[in-house]
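These notes are about the structure you will find just below.
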Amino acid sequence: MPRLVVISNRVALPDENGAPAPGGLAVAIADTMQERDGLWFGWSGEVSDSPPPPTTIDHGQMKYVLTDLRTSDFHEYYNGFANRVLWPILHYRVDLAEFSEADFGGYQRVNEFFAERLSPLLEADDIIWVHDYHLIPLAQALRVRGHANRIGFFLHIPMPPPDFLTTLPHHAELIGALADYNLVGFQTDNDASNFARYLTRVLGAATPDGRHYHLGAQHFRVGVFPVGIDTEGFHRLAQASTPSAGAAELGESLAGRTLIVGIDRLDYSKGIVNRLDGYERFLEKYPDWHGRITYLQISPATRQDIPEYADIDAAVSAKVGHINGRFGAVSWSPVRYVSRNHQREDIAMVLRLARVGLVTPLRDGMNLVAKEFVAAQDPADPGVLVLSQFAGAAAELDAALIVNPHDRDAVADAIEVALRMPLEERCRRHEEMYAVLEANHIRYWGLNFLDALVRPGRGPTWLPSWSMTY
Numbered sequence: 007m008p009r010l011v012v013i014s015n016r017v018a019l020p021d022e023n024g025a026p027a028p029g030g031l032a033v034a035i036a037d038t039m040q041e042r043d044g045l046w047f048g049w050s051g052e053v054s055d056s057p058p059p060p061t062t063i064d065h066g067q068m069k070y071v072l073t074d075l076r077t078s079d080f081h082e083y084y085n086g087f088a089n090r091v092l093w094p095i096l097h098y099r100v101d102l103a104e105f106s107e108a109d110f111g112g113y114q115r116v117n118e119f120f121a122e123r124l125s126p127l128l129e130a131d132d133i134i135w136v137h138d139y140h141l142i143p144l145a146q147a148l149r150v151r152g153h154a155n156r157i158g159f160f161l162h163i164p165m166p167p168p169d170f171l172t173t174l175p176h177h178a179e180l181i182g183a184l185a186d187y188n189l190v191g192f193q194t195d196n197d198a199s200n201f202a203r204y205l206t207r208v209l210g211a212a213t214p215d216g217r218h219y220h221l222g223a224q225h226f227r228v229g230v231f232p233v234g235i236d237t238e239g240f241h242r243l244a245q246a247s248t249p250s251a252g253a254a255e256l257g258e259s260l261a262g263r264t265l266i267v268g269i270d271r272l273d274y275s276k277g278i279v280n281r282l283d284g285y286e287r288f289l290e291k292y293p294d295w296h297g298r299i300t301y302l303q304i305s306p307a308t309r310q311d312i313p314e315y316a317d318i319d320a321a322v323s324a325k326v327g328h329i330n331g332r333f334g335a336v337s338w339s340p341v342r343y344v345s346r347n348h349q350r351e352d353i354a355m356v357l358r359l360a361r362v363g364l365v366t367p368l369r370d371g372m373n374l375v376a377k378e379f380v381a382a383q384d385p386a387d388p389g390v391l392v393l394s395q396f397a398g399a400a401a402e403l404d405a406a407l408i409v410n411p412h413d414r415d416a417v418a419d420a421i422e423v424a425l426r427m428p429l430e431e432r433c434r435r436h437e438e439m440y441a442v443l444e445a446n447h448i449r450y451w452g453l454n455f456l457d458a459l460v461r462p463g464r465g466p467t468w469l470p471s472w473s474m475t476y
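What follows is the structure, given as structure tokens:
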């Protein structure tokens, strides 16, 4: 069987017991690697002025190959172009993009550097799977070096409409580089449709069937492959956390109050300030709930070297202080805000104990927290998911309470509906969503993507009916 070569910005190393690192990608790779040899290549997380040769870590059938980056390359590639240009534009926030030719040059240079270091490690029949917006031009760099392997690309974050993409300087050069892949995969039908419109209307690509595209000498396919989770595994983790000391401590601190929870990386795309606006409106409209509920927001800080992330940190902290100052009492704080990382077991426990899960990003490729909230619940007494219509997960989890996160009254009303929803309805909605999660387990995502990459004439065989390839 051909070897699988995975390339991502960072490599998720297994723990000391050999278990895959937390996260969808690591679990998917672990499942797809059960019957084949593989190599996972990416950045080590270290920077140096003169990067040494890559480090190889052997673990069973998998080799993990890590390379350092030059300091200047890291700042231009990662902090610069990837996260101050591509991230905001692909999340529909053109107003936050700050482009410089130097950063774009650094982004291209790191992709060439990855290709240069990866090239000697490749074998002729390797299947290559490239992940996310950091590495859009990588296939092009590998093709120039003579590699004719089948190469697939998966974008984990949104793909906006052509009007947004064309605001990106060098958009035709960059987005057009995706044509060097054999398969380009997206989270949702909407993302794939946006890309298809860019291909045909801006780049002039031809398509005989809306799935296969021709652009110059390149022939490639576009598909939809929504990322799932290890549903039963996360359910067991949450269930096992219930009798823990942490759960008892949290329950005691709530003093009988109903728990509302939001868990997000601290990022402007997650809509945390808008969510707090909606919660403030809920407290205004439904004063009978004062003192009876507690909203816990967990948002670990990331990318702190980037000014926009310092701004969102300050804005969230200020909003939390405002709400607590306005509505709080000596014995009750309406909002608890925690900005540090927690163990996966602790997150599962918090999700299990919550009656309402608030997942209201302004734009998100998928959002696995929404799926984990559903998986964590007690099916005999489940909580209610309030979900943004702009999260990729909304295409699957339509039994959630779907809201527009920009509409503070809609968020407020959804919280109130969730809190008073009768048990029978909560169970019905949870059962429907849990079934969807089981049908799109994370292992099917990896297997289906690779099947479509290796056998381009075949459609997906594992995806549910709500997901289609273009």
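Just so we're aligned, residue 7 is where the sequence shown starts under the numbering used here, counting upward by one.
Glycine included, each C-beta is placed from N, C-alpha and C at the ideal position.
In whole angstroms, give me the CA-to-CA distance for residue i and residue j.
{"i": "Glu402", "j": "Ala212", "result": "30 Å"}
{"i": "Asn347", "j": "Gly210", "result": "46 Å"}
{"i": "Phe240", "j": "Glu438", "result": "17 Å"}
{"i": "Ile318", "j": "Asp413", "result": "19 Å"}
{"i": "Leu272", "j": "Ile312", "result": "12 Å"}
{"i": "Gln349", "j": "Val356", "result": "11 Å"}
{"i": "Phe333", "j": "Val322", "result": "17 Å"}
{"i": "Asn15", "j": "Gly182", "result": "20 Å"}
{"i": "His140", "j": "Thr248", "result": "38 Å"}
{"i": "Tyr274", "j": "Asp109", "result": "21 Å"}
{"i": "Ser471", "j": "Ile266", "result": "Residue placement at Ser471 cannot be trusted, given a pLDDT of 34 that sits under 50; the coordinates are not used to answer."}
{"i": "Met165", "j": "Leu92", "result": "10 Å"}
{"i": "Leu359", "j": "Asp21", "result": "27 Å"}
{"i": "Leu19", "j": "Tyr70", "result": "7 Å"}
{"i": "Arg203", "j": "Leu453", "result": "27 Å"}
{"i": "Arg309", "j": "Ala88", "result": "12 Å"}
{"i": "Ala445", "j": "Glu378", "result": "15 Å"}
{"i": "Arg263", "j": "Asn330", "result": "16 Å"}
{"i": "Asp384", "j": "Arg242", "result": "10 Å"}
{"i": "Ala261", "j": "Pro175", "result": "54 Å"}
{"i": "Asn410", "j": "Lys325", "result": "20 Å"}
{"i": "Ser345", "j": "Val380", "result": "23 Å"}
{"i": "Tyr98", "j": "Thr173", "result": "11 Å"}
{"i": "Ile235", "j": "Leu407", "result": "20 Å"}
So, under 8 Å CB-CB, residue i and residue j are touching, yes? Tell me the CB distance rounded to an integer number of Å.
{"i": "Arg281", "j": "Val417", "result": "7 Å"}
{"i": "Lys276", "j": "Asp270", "result": "4 Å"}
{"i": "Ala485", "j": "Val362", "result": "With the chain running from 7 to 476 in the structure shown, residue 485 is simply not present."}
{"i": "Tyr113", "j": "Ala145", "result": "Going by Cβ atoms, the distance from Tyr113 to Ala145 rounds to 15 Å, so no, they are not a contact pair."}
{"i": "Arg342", "j": "Leu289", "result": "Not a contact, Cβ separation roughly 14 Å."}
{"i": "Ile163", "j": "Val136", "result": "Between Val136 and Ile163 the Cβ distance is about 14 Å, and since that is not below 8 Å, they are no contact."}
Check whether the Cβ of residue i sits closer than 7 Å to any heavy atom of the ligand FAD, and report yes or no.
{"i": "Arg369", "result": "The ligand FAD is absent from the structure shown, which contains no ligands of any kind."}
Mind checking which residues open and close the alpha helix (DSSP H) that includes residue i?
{"i": "Ile353", "result": "Arg350 to Leu359"}
{"i": "Leu189", "result": "Unbroken run through Leu189 is the beta strand (DSSP E), Leu189 to Phe192; no alpha helix (DSSP H)."}
{"i": "Gly252", "result": "Ala251 to Leu260"}
{"i": "Leu237", "result": "With the sequence shown as reference, residue 237 is identified as Thr, and Leu is not the correct amino acid for it. Thr237 to Ser247 is the span of the alpha helix (DSSP H), which, as asked, contains Thr237."}
{"i": "Tyr204", "result": "Asp195 to Arg207"}
{"i": "His328", "result": "Pro313 to Phe333"}
{"i": "Val479", "result": "Residue 479 lies beyond the range of the chain shown here (7 to 476); nothing can be said about it."}
{"i": "Trp93", "result": "Trp93 to Leu96"}
{"i": "His137", "result": "From DSSP, His137 is part of no alpha helix (DSSP H) but of the beta strand (DSSP E) over Ile133 to His137."}
Pick from the options: whose alpha carbon is nearest that of residue i?
{"i": "Ala382", "options": "Glu82, Ile353, Pro57 and Leu221", "result": "Ile353"}
{"i": "Tyr219", "options": "Val267, Asp195, Gln245 and Val190", "result": "Val190"}
{"i": "Phe159", "options": "Arg217, Gly229 and Ala405", "result": "Gly229"}
{"i": "Arg227", "options": "Gly234, Ala246 and Ala198", "result": "Ala198"}
{"i": "Ile142", "options": "His65, Ile329 and Phe120", "result": "Phe120"}
{"i": "Pro340", "options": "Thr173, Thr300 and Leu368", "result": "Thr300"}
{"i": "Leu393", "options": "Leu171, Arg369 and Ile235", "result": "Arg369"}
{"i": "Val336", "options": "Phe201, Val344, Gly297 and Lys377", "result": "Gly297"}
{"i": "Asp43", "options": "Asp64, Trp49, Pro60 and Leu31", "result": "Asp64"}
{"i": "Asn85", "options": "His153, Ile304, Tyr315 and Asp131", "result": "Tyr315"}
{"i": "Pro168", "options": "Val279, Asn196 and Pro232", "result": "Asn196"}
{"i": "Arg432", "options": "Glu351, Asp419, Asp387 and Leu180", "result": "Asp387"}
{"i": "Ile278", "options": "Asp415, Arg90, Leu256 and Ser305", "result": "Ser305"}
Since residue i is in the beta strand (DSSP E), which residue starts that stretch and which ends it?
{"i": "Asn446", "result": "Neither: Asn446 is in no beta strand (DSSP E) and is coded neither H nor E."}
{"i": "Thr73", "result": "Met68 to Leu75"}
{"i": "Val230", "result": "Gln224 to Val230"}
{"i": "Asp64", "result": "Thr61 to His65"}
{"i": "Ile299", "result": "Ile299 to Ile304"}
{"i": "Phe288", "result": "Unbroken run through Phe288 is the alpha helix (DSSP H), Ile278 to Lys291; no beta strand (DSSP E)."}
**Asked** At a cut of 8 Å, does the stretch 117–124 reach the stretch 91–103 through at least three beta carbon pairs?
**Response** no
**Asked** Looking at C-beta atoms only, is the number of pairs between the stretch 373–385 and the stretch 397–412 that lie closer than 8 Å three or more?
**Response** yes
**Prompt:** For the stretch 31–46 against the stretch 8–18, are there 3 or more C-beta pairs whose distance is under 8 Å?
**Reply:** yes
**Asked** Looking at C-beta atoms only, is the number of pairs between the stretch 75–82 and the stretch 48–59 that lie closer than 8 Å three or more?
**Response** yes
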